[in-house]
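What follows is a short report on a single structure.
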Amino acid sequence: MSDGITSASDESPSSDELRDRSRKALQSQQQPTVTVLSSLLAVQDDLHYIPDEAIEETATHVKSTINDVWSVASFYTNFRFTPPGDHTIDVCWGPSCHLNGAQDVMNRVHSELGITEEGETTDGKLTLRYSTCLGACALAPVIAVDHHMKGRISPDLAAAVVGKLKDAQ
Amino acid sequence: MSVIFSELRQKADAEWRSLTAGDKPWVRVGLGTSGEAAGAEEAYDALTELLGSDANVTLVGSMGLCYAEPLIDVQLPDGARVFYANLGADEVADVVGGHIKSGRANADRAFAWHGDERPEGLGAVTRLSELPTVRVQTRLATKLSGDIDPRDLSQYIANGGYSALEKALEDMDPASVLDEVKNSGLRGRGGAAFPTGVKWGFLAPNPAPVKYILCNCEEGDPGAFNDKGILESCPHTLLEGLILAGYATNSSNGFIFLRQGHSLPIENSRKAVQDAYDVGLLGKNILGSDFSYDVEVALTGDSYVAGEETALMEAIEGKRSMPRYRPPFPAAEGLWGKPSNINNVKTLAYAPTIIQNGADAFKSVGIESTPGTAILCITGAVNRPGMYEISMGSLTVREVVEDVAGGIKDGKKMKLFQAGGPLFGPIGEEGFDSPIDFDSIGKTTGSLGSGGIIIGDEDVCAVNLTRNLMAFNQFESCGKCFPCRLGMTHMVETLERISQNIGREDDLALMERMGASMRMGSLCGHGQLGYNPVASALKYFEADFRSHMDDKKCPTGACGEGHMVTPSRTRP
Chain A
9 MSDGITSASD
19 ESPSSDELRD
29 RSRKALQSQQ
39 QPTVTVLSSL
49 LAVQDDLHYI
59 PDEAIEETAT
69 HVKSTINDVW
79 SVASFYTNFR
89 FTPPGDHTID
99 VCWGPSCHLN
109 GAQDVMNRVH
119 SELGITEEGE
129 TTDGKLTLRY
139 STCLGACALA
149 PVIAVDHHMK
159 GRISPDLAAA
169 VVGKLKDAQ
Chain B
50 MSVIFSELRQ
60 KADAEWRSLT
70 AGDKPWVRVG
80 LGTSGEAAGA
90 EEAYDALTEL
100 LGSDANVTLV
110 GSMGLCYAEP
120 LIDVQLPDGA
130 RVFYANLGAD
140 EVADVVGGHI
150 KSGRANADRA
160 FAWHGDERPE
170 GLGAVTRLSE
180 LPTVRVQTRL
190 ATKLSGDIDP
200 RDLSQYIANG
210 GYSALEKALE
220 DMDPASVLDE
230 VKNSGLRGRG
240 GAAFPTGVKW
250 GFLAPNPAPV
260 KYILCNCEEG
270 DPGAFNDKGI
280 LESCPHTLLE
290 GLILAGYATN
300 SSNGFIFLRQ
310 GHSLPIENSR
320 KAVQDAYDVG
330 LLGKNILGSD
340 FSYDVEVALT
350 GDSYVAGEET
360 ALMEAIEGKR
370 SMPRYRPPFP
380 AAEGLWGKPS
390 NINNVKTLAY
400 APTIIQNGAD
410 AFKSVGIEST
420 PGTAILCITG
430 AVNRPGMYEI
440 SMGSLTVREV
450 VEDVAGGIKD
460 GKKMKLFQAG
470 GPLFGPIGEE
480 GFDSPIDFDS
490 IGKTTGSLGS
500 GGIIIGDEDV
510 CAVNLTRNLM
520 AFNQFESCGK
530 CFPCRLGMTH
540 MVETLERISQ
550 NIGREDDLAL
560 MERMGASMRM
570 GSLCGHGQLG
580 YNPVASALKY
590 FEADFRSHMD
600 DKKCPTGACG
610 EGHMVTPSRT
620 RP
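Quick mapping for you: the protein sequence lines, in order, are chains A and B. When you line the first sequence up against my numbering, it's residues 9 to 177, in that order. When you line the second sequence up against my numbering, it's residues 50 to 621, in that order.
Put into structure tokens, the structure is as follows:
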């Protein structure tokens, strides 16, 4: 994954830097069909979130409007508009994982992170997201750490994973 | 045979020979999304560090035996493959290193073997094809998954890949290819089970210069991973099928449509497309024929409804994936208004075998109403979860669970199965002896759908499971139709009340009324089927509901205290 911008970055990039980086991400698209959606995906792939500057640059790049770009960005639940923490943990709550103890894993991750719902920890360094399906259902329950799958998870194993991430700060 | 293809074939054969019967052992590490979750990548890294250039170490796809992953096999030159199951990074030095150094398989750790001759010392080890999870399979679409490097076009060609396309372009005209698929009786594997040849037949005669075949790999159904499985383990099977579909319907372009974030199937699809272009299997004048076809990979953001065929087109066009009105139907006016067909990955993945071996061979598998195979994803409370391709109608749900998937974990009893995606609910004992095919499962309140079957044991509370399914459905409502958007929310709140033992007397009637409005007032299947999970749960497990409503307690304790953790955001 590229070196995205996280909330724990040493310096907040300036608006010009964000704009510049967005433009580069937009122009880096290799596929023949470039749309508002493909562009937003390209931006988030690089920056790890969608800053306002990227909304504007996408509108320009695809010859659309800011309104239409927001319409698409606000629809798909993978998009985020603030920088994430240095590390992201996804916990799956789909039915296969649910029947294999996902709720217990979820509750344990909440308590280890000190939060009660999706989002960033209070120090902004770790991000928790819920997933409807990570696609590894035979290995349930499944979490992903920085998008790397870890299956056959228990609350204790999940706590160990969180602990390691916290120590890595 | 076309000259281009014959050269490709020769080169591929030579490369394959050097891997299987060359001067070095070949170690294959199964890596699909399930393998990644099991730790296969770490095992692979450990192996490459350990073996260096002493062996060829390749990441292959997943054989679907997820319970056995990480699954790693060692093939000494000209020998059989010896498989080791659940082999972590910490064991590879001992087991694989030891096998290669000594030239003898590790008999204690061997899981299975596959080849002409049983390796020395493995008298007690089963042949791969005789494992309970393998012997029932008829692998048509997943034949090469786990055998070859999904990122290597040559390995696909060496194993018969693109022979069907070559045959079609050299010896058959588009109408003959279409007829063969029609005669095969192939029905769509996305869930609707519509006859594929008929669907292609809507598109074929249209003289429009630009026509699209859209391959649907959105696969948002929790519990289903066979579409991504094919793309990550053998993307060329799908690509060959997609090109055949283009040829049969005189189309100009194909799209492979996936959800962002699933890196393995996305990267492997992109590589497959690029490699195909590089050797002339895509683009202008494929294999020197008159047929030209362009394919690209298109990604969508996270939206379950993007798997609905018209919403899918909206997503490729870059918009909010909300369904369109039909008519017009895609075959008349589809992507960017051009004639289009939308097909599931598995459906297209059958095209090569149908063309290569003929419609009659395809019909010899499965049952009359639905020839071919069912590619099932069995998960939940079973001992051997995985992906299994079995002859359609050959096994009942109970047989798959007991004979193939090793029965229920911890000696518990099977209570329910849930299949067809989250718009279908739990089904009880009365449905266990249903053969697995579209029409038989359709007789229960369930559906075979895309092939995902989740098994629940005696500790599952039907209210709890239904609550989970409806929470998914509510979260995924695109919002276009208020009966779906609001109805799903009401249903989730109602189920929450019931699960917390504060259900109101008219709650069941309320949900039924809500379901009726949703059925009438929703543009697509999402809202139309919204009440289904509840209806199904009530039909087979009313007792679980009554326990909550009348006795104020959960029948199994699964509901617990406090509300179920699910996302609180909804689509604006």
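A virtual CB, placed ideally from N, CA and C, is assigned to each residue, including glycine. Note that the structure is predicted; figures quoted are calculated from it, not measured.
Notebook entry, point to check: With a CB to CB cut of under 8 Å and the five nearest residues on each side skipped, what residues in its chain are close to Met-613/B?
Noted result: The answer, listed in chain order, is Asn-513, Arg-516, Asn-517, Ala-520, Glu-545 and Ser-548.
Item checked: Straight-line gap, Met-9/A to Arg-158/B (C-alpha atoms, nearest Å) -> Residue confidence for Met-9/A is low, a pLDDT of 45 falling below 50, so the modelled location carries little weight and cannot support an answer.
Notebook entry, point to check: Where does Val-230/B sit, in a helix, a strand or coil, going by DSSP?
Noted result: It is helical.
Note to self: So the candidates are Val-150/A, Ser-104/A, Val-80/A and His-156/A; which of them puts its Cα closest to the Cα of Pro-475/B?
What the structure shows: That would be Ser-104/A, whose Cα lies nearest to the Cα of Pro-475/B.
Margin query: Tell me which residue opens and which closes the alpha helix (DSSP H) that Asn-581/B is part of.
Written below: Its alpha helix (DSSP H) spans residues 581-599.
Check: Cβ of Met-371/B within 6 Å of any heavy atom in the ligand SAH?
Finding: As for the ligand SAH, it is missing from this structure, which has no ligand bound.
Check: Is there contact between the stretch 227-236 of chain B and the stretch 267-279 of chain B, where contact requires at least three CB pairs shorter than 8 Å?
Finding: Judged by Cβ distances under 8 Å, the stretch 227-236 of chain B makes no contact with the stretch 267-279 of chain B, as fewer than three pairs qualify.
Notebook entry, point to check: Straight-line CA distance for Val-153/A to Gln-111/A?
Noted result: Linking Val-153/A to Gln-111/A through their CA atoms gives a straight-line distance of about 17 Å.
Next item on the list: Give the straight-line distance between the Cα atoms of Tyr-437/B and Thr-66/A, rounded to the nearest whole angstrom.
Entry: Distance between the alpha carbons of Tyr-437/B and Thr-66/A is about 43 Å.
Item checked: Phe-531/B, DSSP secondary structure in three states -> Under the three-state reduction of DSSP, Phe-531/B is assigned to helix.
Checklist line | Beta carbon proximity, His-635/B to chain A, threshold 7 Å | finding: Missing from the structure shown is residue 635/B; chain B here goes from 50 to 621 and no further.
Check: Ala-207/B to Gly-88/B, Cα distance in whole Å?
Finding: Those two C-alpha atoms are separated by around 29 Å.
Check: Taking Cβ positions only, does Val-80/A come closer than 7 Å to chain B?
Finding: Yes, contact with chain B.
Item checked: Amino acids of chain A, ordered along the chain, whose beta-carbon sits closer than 8 Å to that of Ser-637/B -> Residue 637/B is absent from the structure shown; chain B starts at 50 and stops at 621.
Margin query: Assuming Val-109/B is part of the beta strand (DSSP E), what are its boundary residues?
Written below: From DSSP, the beta strand (DSSP E) with Val-109/B extends over 105-109.
Next item on the list: Assign Pro-284/B to one of three DSSP states: helix, strand, or coil.
Entry: Pro-284/B falls in the helix class under three-state DSSP.
Next item on the list: Work out the CA separation of Ala-50/A and Gly-246/B for me, nearest whole Å.
Entry: Here the C-alpha atom of Gly-246/B lies approximately 37 Å from the C-alpha atom of Ala-50/A.
Check: Could one say the Cβ of Asn-299/B lies closer than 7 Å to chain A's Cβ atoms, at least one of them?
Finding: No, Asn-299/B lies away from the interface with chain A (no Cβ there is under 7 Å from its Cβ).
Item checked: Per-residue burial, Val-509/B [other beta carbons within 10 Å of its own, 16 or more giving buried] -> Val-509/B should be labelled buried.
Notebook entry, point to check: Is the distance from the Cβ of Gly-501/B to the Cβ of Ala-423/B below 7 Å?
Noted result: Going by C-beta atoms, Gly-501/B is not nearer than 7 Å to Ala-423/B.
Next item on the list: Check Ile-149/B in the structure and name its three-state DSSP category.
Entry: Note: Ile-149/B maps to helix in three-state DSSP.
Margin query: Please tell me whether Gly-367/B and Leu-45/A are closer than 7 Å, where the distance is taken between their beta carbons.
Written below: Contact flag set, yes.
Notebook entry, point to check: I think Val-131/B touches His-148/B, with their Cβ atoms under 8 Å apart; what is that distance to the nearest whole Å?
Noted result: Your pair Val-131/B and His-148/B checks out as a contact, with CB atoms roughly 7 Å apart and the cut at 8 Å.
Next item on the list: Step through the CB atoms of chain A and report whether any lies within less than 7 Å of the CB of Ala-117/B.
Entry: By this cut-off, Ala-117/B is not an interface position.
Next item on the list: Give the straight-line distance between the Cα atoms of Arg-553/B and Gln-523/B, rounded to the nearest whole angstrom.
Entry: Inter-residue distance for Arg-553/B and Gln-523/B is about 21 Å (C-alpha atoms, whole angstroms).
Check: What is the rounded straight-line gap between the Cα of Pro-223/B and the Cα of Gly-407/B?
Finding: In a straight line, the C-alpha of Pro-223/B is about 15 Å away from that of Gly-407/B.
Margin query: If distances are taken between C-alpha atoms only, which option among Thr-396/B, Asn-299/B and Thr-543/B comes closest to Asp-339/B?
Written below: Taking only the C-alpha atoms, the option nearest Asp-339/B is Asn-299/B.
Margin query: For the alpha helix (DSSP H) containing Cys-264/B, name the first residue and the last one.
Written below: Element bounds for Cys-264/B: not the alpha helix (DSSP H) but the beta strand (DSSP E), 261-266.
Check: Near Gly-609/B, which residues of its chain fall below 8 Å by C-beta distance, leaving aside the five closest residues on each side in sequence?
Finding: Counting only Cβ-Cβ distances below 8 Å, and skipping sequence neighbours, we find Cys-603.
Margin query: Considering only the alpha carbon of each residue, which of Gly-195/B, Glu-169/B, Asn-302/B and Ser-571/B lies closest to Gly-113/B?
Written below: Taking Gly-113/B as reference, the option from Gly-195/B, Glu-169/B, Asn-302/B and Ser-571/B with the minimal CA-CA separation is Gly-195/B.
Note to self: Any beta carbon from chain B within less than 7 Å of Val-51/A's own beta carbon?
What the structure shows: No - not a single Cβ of chain B is within 7 Å of the one on Val-51/A.
Check: According to DSSP, which residues form a beta bridge with Lys-158/A?
Finding: Lys-158/A is bridged to Ile-151/A.
Checklist line | the stretch 246-255 of chain B contacting the stretch 116-131 of chain A, beta-carbon criterion three pairs below 8 Å | finding: Flag = no, the stretch 246-255 of chain B and the stretch 116-131 of chain A do not touch.
Next item on the list: With DSSP collapsed to three states, give me the class of Thr-605/B.
Entry: When DSSP states are grouped into helix, strand and coil, Thr-605/B belongs to the coil group.
Notebook entry, point to check: What is the DSSP secondary structure of Ser-571/B, counted as helix, strand or coil?
Noted result: Here Ser-571/B sits in coil by DSSP.
Notebook entry, point to check: Cα separation between Leu-68/B and Thr-107/B?
Noted result: Taking the straight line joining both Cα atoms gives about 10 Å.
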